[in-house]
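Following: one structure in structure tokens, then a few remarks.
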């Protein structure tokens, strides 16, 4: 169950990064709503990480949480913000994903 909480926390990490990206291009009330979304996603993400680390090793949990956030944020950047998807970026993204999966398999 705590692995599911950790994955959800990582997805909320992607949410707060995406909100920051959207707020950068917004103004007025729209920017305020994006910043509110940032704070809500950040809070939920941190609470889920805290809950997950009650039973998971902190080093593994934090690495997986940040890895999910990093991979998700890069994908949001590519698909929503039209950032580059060149070979090396995708290659290193794939190695990051393999590392996250590897940590999951070697953890108790």
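In full-length UniProt numbering, the protein residues as written are 1 to 108.
Glycine included, every Cβ here is placed at the ideal spot set by N, Cα and C.
Helix, strand or coil at residue i [DSSP, three-state]
i, result
"residue 12", "helix"
"residue 82", "coil"
"residue 18", "helix"
"residue 95", "helix"
"residue 46", "helix"
"residue 73", "helix"
"residue 26", "coil"
"residue 53", "coil"
Spatial distance of residue i from residue j (CA atoms)
i, j, result
"residue 27", "residue 77", "20 Å"
"residue 86", "residue 74", "12 Å"
"residue 37", "residue 63", "24 Å"
"residue 14", "residue 101", "18 Å"
"residue 153", "residue 88", "It is not possible to answer for residue 153, since the shown part of the chain is limited to 1 through 108."
"residue 54", "residue 2", "8 Å"
Cβ-Cβ distance between residue i and residue j below 8 Å
i, j, result
"residue 10", "residue 68", "yes"
"residue 60", "residue 103", "yes"
Among the options, nearest to residue i - alpha-carbon criterion
i, options, result
"residue 41", "32, 84, 18", "18"
"residue 12", "33, 31, 65", "65"
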